[in-house]
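**Student:** Taken in sequence, the protein lines are chains L and B.
Residues in the first sequence are numbered from 19 upward in steps of one, following our numbering.
Residues in the second sequence are numbered from 67 upward in steps of one, following our numbering.
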Amino acid sequence: MFDSSGGSVKQIVVESVSHTYRPARGREVLALEDVSLEIAPREFVALLGPSGCGKSTLLYLIGGFLPVEKGAIRIEGAPVGAPGPDRGIVFQHFALFPWKSVRANVRYGLEKMGLPREEQERRAQSYIEMVGLKGFEDSYPSALSGGMKQRAALARTLAVDPKMLLMDEPFGALDAQTRSLMQAELLAIWQRSPTTVIFVTHDVQEAVLLSQRVAVMSARPGKVKAIVDVKLDRSDPHIYRSPEFAAKVDEIWNLVREEAIKAQ
Amino acid sequence: MRYLPLLLCALIWEGIVQLGLVSRDVLPSLSDVLKAAWMLAREGDLWTNGVASLYRGGMGLLLAIVVGAVLGVLMAWWRAVDAFVGPLVEALYPMPKSALIPVTVLWLGFGDGSKILLIFLGCMLPVTLAAYNGARSSEQALVWSARSLGAGRLRVLWDVVAPSALPELLNGVRTALALAFVLLVSSELIVARKGLGYLIGFLGEGGVYDAMFAVVLVVAFLGFFADRLYLAGTRRLLAWRE
Chain L
19 MFDSSGGSVK QIVVESVSHT YRPARGREVL ALEDVSLEIA PREFVALLGP SGCGKSTLLY
79 LIGGFLPVEK GAIRIEGAPV GAPGPDRGIV FQHFALFPWK SVRANVRYGL EKMGLPREEQ
139 ERRAQSYIEM VGLKGFEDSY PSALSGGMKQ RAALARTLAV DPKMLLMDEP FGALDAQTRS
199 LMQAELLAIW QRSPTTVIFV THDVQEAVLL SQRVAVMSAR PGKVKAIVDV KLDRSDPHIY
259 RSPEFAAKVD EIWNLVREEA IKAQ
Chain B
67 MRYLPLLLCA LIWEGIVQLG LVSRDVLPSL SDVLKAAWML AREGDLWTNG VASLYRGGMG
127 LLLAIVVGAV LGVLMAWWRA VDAFVGPLVE ALYPMPKSAL IPVTVLWLGF GDGSKILLIF
187 LGCMLPVTLA AYNGARSSEQ ALVWSARSLG AGRLRVLWDV VAPSALPELL NGVRTALALA
247 FVLLVSSELI VARKGLGYLI GFLGEGGVYD AMFAVVLVVA FLGFFADRLY LAGTRRLLAW
307 RE
């Protein structure tokens, strides 16, 4: 039904969206201005930009967490609605329920789906094992390392089998080694069962390593400055050492540099 | 042994009275007080009045916790509730609740009702404020995670906002617990026909000072014991934080 290679059927359509952020105190900020973006099913797209460019805001709008005030966002043809399990989200700071064990966290969405108890247990266990947390089912999040917390959060989100994955700088709070391990794992998961991923990051290498397309955003107010295709061989585990990889990083870094300077 | 200082105080108390440093009219010896406590327990006065007091305190506190917690969470979650109830809570919070003793007696008489109402009114606000602050501190990302995992808005209130508020709420309840004892005893001292506070006043007026001190000790011990029990319970409920 969907054809990602042809690209004619779009799963997510963002059309001239602007968004004003109104803090409880202080001035209003125009976070996004006239942003348009189309994403095909099973596509891995990175939203790249300096901090404060509104890339997370765009993600929250697609997730239905913030109201679309100007422009339109359509998911599979219908205007974006309230948040739901079709759009899984992973946050930078994990957002695990601290009062629930790893198992109970992963089971949370499955309970809401109304699955029978044994099915919940079975499915939670298989996702916990998939992210390598076997043996930590009964641990509370406070007892886990950052990397393990993010694995648990990923398992919780994937367990409800979302049609798309919204990732808000998911590896931004992890140390460098853990981050690169998690990147490899995410890529492996995505290759095994491709779902649509929107991945917010300010790390150019990360964006090139993971995504098929990179939407480079400008500093405040956020606009899509350029969309760069990344056609790299994902099956090569040493891709990040290849000249093509370096060239792509350079190309995108040149686009981002100006914005990063402006955002300082 | 953490409570060694308490034991030391008990010894000093007994010592200064036995040595005649303090007149027995002002401070009966600890041994006399314990003897009096034993007599009060054997004759049943301690039980009938103790049960009455615990019932009033327990009911008042229970109502305060339930109503206060619900009110606090609702205030944090719906702006309209906050706008309406918030100023009332702020205005009433600093008021000394013992001033309400005559009012509650006027409304509900000398029995249990007036004490329960007083404790309920006095203890509700600290619980409300604690629940409010706790619920307000619930993380946006947690609320959003729950929503994206299929929880509706009301469900999030129970699944995320309430447990987020719990640590703060439990602190507020501890304050309320201490306050409940204060209000209970002072209201019973002033207007009551039974209860531990009433017993203290009755024995004091009758000049039976060792028995009066015995009841004061019992009240102090009850307060201490309730607080310890409460803390132990709190630790179990918040085991996930360690």
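Each residue gets a CB set at the ideal place from its N, CA and C atoms; glycine is no exception.
Which bits of chain L does B:G216 rub up against, with CB to CB less than 8 Å?
**Tutor:** The answer, in chain order, is G102, P103, G127, K130, M131, V178.
**Student:** Out of curiosity, what's the CA-to-CA distance linking B:N237 and B:T194?
**Tutor:** Approximately 11 Å, taken between the alpha carbons.
**Student:** Run down chain B in chain order and give the residues with a C-beta less than 8 Å from the C-beta of L:P116.
**Tutor:** Within chain B, the residues near L:P116 are W306, R307.
**Student:** Pairing CB atoms from the segment 186-204 of chain B with CB atoms from the segment 130-143 of chain B, are three or more of them under 8 Å?
**Tutor:** Contact between the segment 186-204 of chain B and the segment 130-143 of chain B is present, because at least three Cβ pairs lie under 8 Å.
**Student:** Report yes or no: do three or more beta-carbon pairs, one from the segment 229-244 of chain L and one from the segment 61-77 of chain L, lie closer than 8 Å?
**Tutor:** A contact exists between the segment 229-244 of chain L and the segment 61-77 of chain L.
**Student:** How is L:P97 classed by DSSP in three states: helix, strand or coil?
**Tutor:** Of the three classes helix, strand and coil, the one that applies to L:P97 here is strand, per DSSP.
**Student:** Going by beta carbon distance, what residues of the same chain come within less than 6 Å of B:G124, once the five residues before and after it are set aside?
**Tutor:** Counting only Cβ-Cβ distances below 6 Å, and skipping sequence neighbours, we find nothing.
**Student:** Rounded to whole angstroms, what is the Cα-Cα separation between L:G153 and L:L77?
**Tutor:** Cα-Cα distance, rounded: 33 Å.
**Student:** In chain B, which residues lie with their C-beta within 7 Å of the C-beta of L:I107?
**Tutor:** W210, S211, S214, listed in chain order.
**Student:** Whose Cβ in chain L lies nearer than 8 Å to the Cβ of B:E205?
**Tutor:** Within 8 Å Cβ-Cβ: A113.
**Student:** Going by other Cβ atoms of all chains shown within 10 Å of its Cβ, with 16 needed for buried, is B:C189 buried or exposed?
**Tutor:** The residue is buried, with at least 16 neighbouring Cβ atoms inside 10 Å.
**Student:** Looking only at C-alpha atoms, which of L:G70, L:E56, L:E33 sits nearest to L:G240?
**Tutor:** Nearest option by C-alpha distance: L:G70.
**Student:** Any beta-carbon of chain B closer than 8 Å to the one on L:S163?
**Tutor:** Closer than 8 Å: no.
**Student:** Helix or strand or just coil, what does DSSP make of B:L303?
**Tutor:** In the structure shown, B:L303 sits in a helix (DSSP, three-state: H, G or I).
**Student:** Nearest to B:S95 by CA position, among B:Y69, B:E205, B:A280, is which residue?
**Tutor:** Comparing Cα positions, the closest option is B:A280.
**Student:** Decide if the segment 81-92 of chain L is in contact with the segment 33-49 of chain L; the criterion is three or more beta carbon pairs, one per stretch, under 8 Å apart.
**Tutor:** Yes, the segment 81-92 of chain L touches the segment 33-49 of chain L.
**Student:** Leaving out five residues on either side along the sequence, give the residues of the same chain with a beta carbon under 8 Å from the beta carbon of B:P233.
**Tutor:** Counting only Cβ-Cβ distances below 8 Å, and skipping sequence neighbours, we find G200, L304, R307.
**Student:** What are the start and end residues of the alpha helix (DSSP H) that includes B:M105?
**Tutor:** 96-109 is the span of the alpha helix (DSSP H), which, as asked, contains B:M105.
**Student:** Output, in chain order, the set of chain B residues within a Cβ distance shorter than 8 Å of L:S160.
**Tutor:** What L:S160 touches in chain B: W306, R307, E308.
**Student:** Please check the pair L:Y158 and L:P212, which I expect to be a contact at CB under 8 Å, by giving their CB distance rounded to whole angstroms.
**Tutor:** About 33 Å separates the two Cβ atoms, so there is no contact after all.
**Student:** Are three or more beta carbon pairs between the segment 218-235 of chain B and the segment 155-172 of chain B nearer than 8 Å?
**Tutor:** Verdict: no, contact absent.
**Student:** Near L:R201, what residues of its chain come up, given a Cβ to Cβ distance below 7 Å and the 5 sequence neighbours on each side ignored?
**Tutor:** First, the residue type needs correcting, since residue 201 of chain L is Gln and not Arg in the sequence shown. Closer than 7 Å at Cβ, skipping near neighbours: F189, E224, L227, L228.
**Student:** Can you name the residues that DSSP bridges to L:F217?
**Tutor:** Answer by DSSP bridge pairing, in chain order: L:A64, L:M185.
**Student:** Could you have a look at L:M235 and say whether DSSP puts it in helix, strand or coil?
**Tutor:** Of the three classes helix, strand and coil, the one that applies to L:M235 here is strand, per DSSP.
**Student:** With distances taken from CA atoms, which of B:V88, B:A76, B:S119, B:R90 is nearest B:I266?
**Tutor:** It is B:S119 whose Cα lies nearest to the Cα of B:I266.
**Student:** Could you confirm whether any beta carbon from chain B is found closer than 8 Å to the beta carbon of L:G81?
**Tutor:** Chain B, which has a Cβ nearer than 8 Å to the Cβ of L:G81, makes this yes.
**Student:** Given that B:P71 touches chain L, what residues does it touch there, using C-beta distances under 8 Å?
**Tutor:** Chain L residues near B:P71: none, gap ~34 Å exceeds 8 Å.
**Student:** L:Y39 by DSSP, collapsed to three states: which one?
**Tutor:** It is a strand residue.
**Student:** Can you list, in chain order, the residues of its chain whose CB lies under 6 Å from that of B:W79, leaving out five sequence neighbours each side?
**Tutor:** Hits under 6 Å: L96.
**Student:** What residues in its chain sit with their C-beta under 7 Å from that of B:L249, if we drop five residues either side in the sequence?
**Tutor:** Counting only Cβ-Cβ distances below 7 Å, and skipping sequence neighbours, we find K163, S164, L184, I185, G188.
**Student:** Mind listing the chain L neighbours of B:P229? Cutoff is C-beta to C-beta under 7 Å, in chain order.
**Tutor:** Near B:P229 (Cβ distances below 7 Å), the residues of chain L are W117.
**Student:** Express the C-alpha separation of L:R169 and L:L184 in angstroms, rounding to a whole number.
**Tutor:** So the alpha carbons of these two residues sit roughly 15 Å apart.
**Student:** So L:L119 packs on L:E147, CB below 8 Å; how close in whole Å?
**Tutor:** Residue identity differs from the one stated: residue 119 of chain L is Ser in this sequence, not Leu. Not really, about 15 Å apart at Cβ, beyond 8 Å.
**Student:** Smallest Cα separation from B:Y198: which of B:M67, B:L235, B:V257?
**Tutor:** That would be B:L235, whose Cα lies nearest to the Cα of B:Y198.
**Student:** In terms of residues, what are the limits of the alpha helix (DSSP H) holding L:E56?
**Tutor:** No alpha helix (DSSP H) contains L:E56, which is instead part of the beta strand (DSSP E) from 47-57.
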